[in-house]
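Asks:
There are 2 protein chains.
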Amino acid sequence: MSNFEVRIFGTGSAIPTNSRLPSSQIVTINDRHYLVDCGEGTQIQLIRNRIKFSRLDAIFISHMHGDHVLGVPGLLNSLSMYERTHPLKIFAPAGLKDVLDVIFAQTHSYLTYELEFFPLEDYKPGAVIYKTDKFEVSSLPLEHRVFCRGFLFREVNKKPKFDFYKAKALGVPNNYFKLLKQGNTIQLADGREILPDMVLGEAEPPMSYAYCSDTRFVEKLVPYIKRSMLLYHESTFLHDMKSRADETYHSTAKEAATLAKMAEVKHLLLGHFSARYRDLTPFMEEAKEIFSNVQIAREGQVLKLKELTESNE
Amino acid sequence: MSNFEVRIFGTGSAIPTNSRLPSSQIVTINDRHYLVDCGEGTQIQLIRNRIKFSRLDAIFISHMHGDHVLGVPGLLNSLSMYERTHPLKIFAPAGLKDVLDVIFAQTHSYLTYELEFFPLEDYKPGAVIYKTDKFEVSSLPLEHRVFCRGFLFREVNKKPKFDFYKAKALGVPNNYFKLLKQGNTIQLADGREILPDMVLGEAEPPMSYAYCSDTRFVEKLVPYIKRSMLLYHESTFLHDMKSRADETYHSTAKEAATLAKMAEVKHLLLGHFSARYRDLTPFMEEAKEIFSNVQIAREGQVLKLKELTESNE
């Protein structure tokens, strides 16, 4: 079973507070790291959380608001200080390239590695933008004041495993198990041939994580994130500020929970809270009325998707 | 007595560490704040230290390296979120203007207040760049790999105060003291006229703070910072790495102490330590061999210049 976890660095919105930092998260799959949004101070969080810079393979930036993007230049710089030589992929709105070009020129910086820049505008919503043999990342159509994309991380190629009970039911002696696991066809003493496929169980369902921030309530997201294991959805406001949420293209806790319910996700994680709120309990209460499996994101939190799966069985 | 203090937010150099943040300090004089350098994360430090954004009057940026400047865009943005309306002065290398223009355009930001940008290239070393009726800031000629200026904060117009002992020696009765303090000339019973100037003591010497980072050892700084109360001088390296310091236009602890001694400053504060050093005791030891009144800067430290004066008397 591969590891698949999400580590939260920032749950604030436009203005940081005493306890809430700008948006940024690390998705870790098979010990490789993928940064999702990169607000100011992200590199300091990475260092404090002992995230190995060398294991960072790609950065995904949802949109060009300062609280999601101002940590990028410093982080890219520091990777050079650590003398990174392997390329880094970055998926972001095209405008980030202009910002980086000017900053690098004016701060006399150069990168020791290749930065492979992929403008998100080049991909249709739902398109796979990044792929390994274990998982893929696709873009989600969010609706914010500016061009904005969410990201869906989803396992692929999950292989069914050898099923001890199936083998026993077929009367296969234990000393043949290893051969079958290795993919060999065997012949039993009674002449029957046993193919590896005959002793395979069901493949575990692929684990998936959907990141939806910043966005207003978007019903058309439902098919894209259907039955995801974990949905991170922004809830900048409580529902009594629905008109302010509408004006600023943000969501309320109630709306996030409604989407979670419609999409039948397993777990909902609320984040991106306005600086006006000190106590976040009302977000939990408001969401729970609609969707019970909800948590409030907090700085430093780590969610292991495998444990969420098990807690759900 | 006006307050005059320096609060340290970051003592690191190019790469932040677990315990050391990028360069940034607040100089507070008469309850108004002046930010000196603004590495990534500065606004979060300001919030955590409860520095009132509304009392920030000017920003001084020494040079265009990321660890001194990448916190500026986020801070300026946040001031707008707090709906600042009064102008903000910023003294920085001209290139910062280009960076801000691109970032504001690409992150869809606009400022709610006027940003008065003063390119440091417009001032000769030693020139006064900012002035109030209580203090002035002048630029210091540092030598780094890129254009770089230090800053000297120095009290001006320190008024001599009424001297009780002088008045007594002249035989002035107590009931005349108030009149003299108010600037009135009085006539005593014996016919003598006493002018206010006749009962004034010495004015206290002006307090001054010199910020010198980043720079190699620059002997020509001496007359600019002569007899300053407090000198913050970078010491990126220990002296056994003198050749690395030379290559990168940085200083060693020994060089910082030598400059402090030559300039006859009262106190030396060392900072801007390379990430390669965990224990900073050797910096203290190296500097003390040359200049005894030295401290190692640390995050969150507050130095009150009045207390330094008294500890020195």
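Heads up: the sequence lines are chains E and R, in that order.
At position 6 of the first sequence (counting the first as 1) the number is -6 in the numbering used here, and the numbers step up by one without a gap.
At position 191 of the second sequence (counting the first as 1) the number is 179 in the numbering used here, and the numbers step up by one without a gap.
For each residue, glycine too, the CB sits at the ideal point set by N, CA and C.
If you're wondering where the values come from, they're calculated on a predicted model, not measured in any experiment.
Does the region 88 to 105 of chain R touch the region 115 to 128 of chain R, meaning 3 or more C-beta pairs lie closer than 8 Å?
Replies: At 8 Å Cβ cutoff, the stretches do not touch.
Asks: With distance defined between alpha-carbon atoms, name the residue in E:Tyr237, E:Lys208, E:Cys200 and E:Arg215 nearest to Gly259 of chain E.
Replies: Taking the first residue of the first sequence as 1, we reach residue 259 of chain E at position 271. Of the listed residues, the one whose Cα sits closest to Gly259 of chain E is E:Cys200.
Asks: When we look at the beta-carbon of Glu222 of chain R and count the other beta-carbons within 10 Å, is it buried (16 or more) or exposed?
Replies: Counting from 1 along the second sequence, the entry for residue 222 of chain R is found at position 234. Counting Cβ neighbours within 10 Å, Glu222 of chain R comes out buried, since at least 16 surround it.
Asks: Apart from the five residues on each side of it in sequence, which residues of its chain come closer than 6 Å, Cβ to Cβ, to Gln251 of chain E?
Replies: To locate residue 251 of chain E, count along the first sequence from 1; it is residue 263. Looking at the sequence shown, residue 251 of chain E is not Gln but Ala. Here the set comprises Val210, Ile213 and Lys214.
Asks: Pairs of beta-carbons, one from the region 180 to 193 of chain R and one from the region 270 to 289 of chain E, closer than 8 Å: are there three or more?
Replies: As far as the Cβ criterion goes, the region 180 to 193 of chain R does not touch the region 270 to 289 of chain E, which means the pair count is below three.
Asks: Any chance the region 157 to 167 of chain E sits against the region 236 to 244 of chain E, with 3 or more Cβ pairs inside 8 Å?
Replies: The answer is no - the region 236 to 244 of chain E does not touch the region 157 to 167 of chain E, with fewer than three Cβ pairs under 8 Å.
Asks: Taking beta-carbon pairs under 7 Å, can you tell me which members of the region 14 to 41 of chain R lie near chain E?
Replies: Residues passing the 7 Å Cβ filter: Glu28, Gly29, Gln31, Ile32, Ile35 and Arg36.
Asks: Which ranges does the alpha helix (DSSP H) cover as unbroken runs of at least 4 residues, wholly within the region 199 to 255 of chain E, from first to last along the chain?
Replies: Within the region 199 to 255 of chain E, the complete alpha helix (DSSP H) runs of at least 4 residues are 210 to 213, 230 to 236 and 241 to 250.
Asks: Pick from E:Pro113, E:Phe135 and E:Phe141: whose alpha carbon is nearest that of Glu124 of chain E?
Replies: For this step, residue 124 of chain E is matched to residue 136 along the first sequence. The option with the nearest alpha carbon to Glu124 of chain E is E:Phe141.
Asks: Can you pull the chain R residues whose beta carbon is under 7 Å from the beta carbon of Ala2 of chain E, in chain order?
Replies: Locating residue 2 of chain E in the first sequence gives position 14, counting from the first residue. Simply Met69.
Asks: Looking only at its own chain, which residues have a Cβ that is under 7 Å from the Cβ of Thr100 of chain E, when we skip the five neighbours before and after it?
Replies: Working through the first sequence from its first residue, we reach residue 100 of chain E at position 112. Contacts found: Ser68, Glu71, Arg72 and Thr73.
Asks: Where in the region 59 to 113 of chain E do unbroken runs of the beta strand (DSSP E), each at least 3 residues long, occur, reported from the N-terminal end onward?
Replies: For the region 59 to 113 of chain E, whole beta strand (DSSP E) runs of length 3 or above, ordered along the chain, are 76 to 80 and 103 to 107.
Asks: In the structure shown, what three-state DSSP assignment does Ala115 of chain R receive?
Replies: Residue numbering aside, residue 115 of chain R sits at position 127 when the second sequence is read from its first letter. Ala115 of chain R: coil per DSSP, three-state reduction.
Asks: How would you list, in chain order, the residues of chain R whose beta-carbon sits under 8 Å from the beta-carbon of His96 of chain E?
Replies: Within the first sequence, the letter at position 108 stands for residue 96 of chain E. What His96 of chain E touches in chain R: Met52, His53, Arg133 and Val134.
Asks: Taking 8 Å as the CB-CB cut-off, is Pro107 of chain E touching chain R?
Replies: Walking along the first sequence from the start, residue 107 of chain E turns up at place 119. So, not an interface residue.
Asks: Kindly indicate which residue of R:Asp25, R:Asn(-9), R:Gly29 and R:Tyr22 has the alpha-carbon position closest to the one of Leu9 of chain R.
Replies: Walking along the second sequence from the start, residue 9 of chain R turns up at place 21. Measuring from the Cα of Leu9 of chain R, the nearest candidate turns out to be R:Gly29.
Asks: Answer yes or no: does any C-beta atom of chain R fall closer than 8 Å to that of Ile49 of chain E?
Replies: Taking the first sequence and counting its residues from 1, the one referred to as residue 49 of chain E is at position 61. Not closer than 8 Å to any Cβ of chain R, the Cβ of Ile49 of chain E fails to qualify, so no.
Asks: Cα-Cα, which of R:Asn172, R:Gly171, R:Val160 and R:Lys169 is closest to Arg180 of chain R?
Replies: Counting from 1 along the second sequence, the entry for residue 180 of chain R is found at position 192. Of R:Asn172, R:Gly171, R:Val160 and R:Lys169, the residue nearest in Cα terms is R:Val160.
Asks: Whole angstroms are fine: how far does the CA of Asp202 of chain R sit from the CA of Lys112 of chain R?
Replies: The residue you call residue 112 of chain R lines up with position 124 of the second sequence. The residue you call residue 202 of chain R lines up with position 214 of the second sequence. Going from the Cα of Lys112 of chain R to the Cα of Asp202 of chain R covers about 18 Å.
Asks: Taking only heavy atoms of the ligand NAD into account, decide whether any of them is closer than 7 Å to the Cβ of Ser280 of chain E.
Replies: Among the components modelled here there is no ligand, and therefore nothing to report on the ligand NAD.
Asks: Going along the region 162 to 184 of chain E in order, which residues come within less than 9 Å of chain R, judged by CB to CB distance?
Replies: Listed by position, the residues of the region 162 to 184 of chain E near chain R (Cβ gap below 9 Å) amount to none.
Asks: Run through DSSP, which three-state label would Arg266 of chain R get?
Replies: For the purposes of this step, residue 266 of chain R is taken as the residue at position 278 of the second sequence. DSSP places Arg266 of chain R in coil when its eight states are reduced to three.
Asks: Using 8 Å as the Cβ pair cut-off and three pairs as the minimum, do the region 42 to 53 of chain E and the region 28 to 44 of chain R touch?
Replies: No: the two stretches stay apart, fewer than three of their Cβ pairs being nearer than 8 Å.
Asks: If the criterion is Cβ atoms closer than 8 Å, does the pair Val(-6) of chain R and Leu219 of chain R meet it?
Replies: Against the second sequence, residue -6 of chain R aligns to sequence position 6. Against the second sequence, residue 219 of chain R aligns to sequence position 231. Their beta carbons are not under 8 Å apart, which means Val(-6) of chain R does not touch Leu219 of chain R by this criterion.
Asks: State yes or no: is the beta carbon of Pro302 of chain R nearer than 8 Å to at least one beta carbon in chain E?
Replies: The requested residue 302 of chain R is not part of the displayed model; chain R covers only -11 to 301.
Asks: Below 8 Å, how does it come out for the region 139 to 155 of chain R and the region 51 to 59 of chain R: are there three or more Cβ pairs, yes or no?
Replies: In short, these stretches do not touch, since the Cβ pair count stays below three.
Asks: Pull up the distance between the alpha-carbon of Leu64 of chain R and that of Ser97 of chain R, whole angstroms please.
Replies: Mapped onto the second sequence, residue 64 of chain R falls at position 76. Mapped onto the second sequence, residue 97 of chain R falls at position 109. One C-alpha to the other measures close to 10 Å.
Asks: Spatial neighbours of Phe279 of chain E within its chain, please: C-beta separation below 7 Å, excluding the five flanking residues on both sides.
Replies: Along the first sequence, one-based indexing puts residue 279 of chain E at 291. Contacts found: Ala245, Ala248, Lys249 and Leu256.
Asks: So that I know if they touch, is there some Cβ in chain E lying closer than 8 Å to that of Asp121 of chain R?
Replies: Within the second sequence, the letter at position 133 stands for residue 121 of chain R. Cβ-Cβ to chain E under 8 Å: no for Asp121 of chain R.
Asks: For the candidate residues E:Ile49, E:Gln33, E:Asp121 and E:Ile17, whose alpha-carbon lies nearest to that of Val24 of chain E?
Replies: Against the first sequence, residue 24 of chain E aligns to sequence position 36. For Val24 of chain E, the nearest C-alpha among the options comes from E:Ile49.
Asks: Identify the continuous alpha helix (DSSP H) that holds Ala157 of chain R and give its terminal residues.
Replies: Here residue 157 of chain R refers to the residue found at position 169 of the second sequence. That run of the alpha helix (DSSP H) goes Phe152 to Ala157.
Asks: Could you pull the start and end residues of the beta strand (DSSP E) that His21 of chain R belongs to?
Replies: Counted from its first residue, the second sequence places residue 21 of chain R at position 33. It spans Arg20 to Cys26 - the beta strand (DSSP E) in which His21 of chain R sits, taken as one unbroken run.
Asks: Do Lys149 of chain E and Leu183 of chain E come within 8 Å of each other at the CB atom, strictly closer than that value?
Replies: Here residue 183 of chain E is taken as the residue at index 195 of the first sequence, counted from 1. Here residue 149 of chain E is taken as the residue at index 161 of the first sequence, counted from 1. No.
Asks: One question on the structure: do Ile17 of chain R and Ile47 of chain R come within less than 8 Å of each other, judged by their Cβ atoms?
Replies: In the second sequence, the residue the question calls residue 17 of chain R occupies position 29. In the second sequence, the residue the question calls residue 47 of chain R occupies position 59. No.
Asks: Using CA coordinates, which residue listed in R:Lys276, R:His51 and R:Asn37 is at the minimum distance from Gly27 of chain R?
Replies: Numbered from 1 along the second sequence, position 39 holds the residue referred to as residue 27 of chain R. Per the Cα distances, R:His51.
Asks: Please classify Val290 of chain E: does DSSP put it in a helix, a strand, or coil?
Replies: As a working mapping, residue 290 of chain E is identified with position 302 in the first sequence. Of the three classes helix, strand and coil, the one that applies to Val290 of chain E here is strand, per DSSP.
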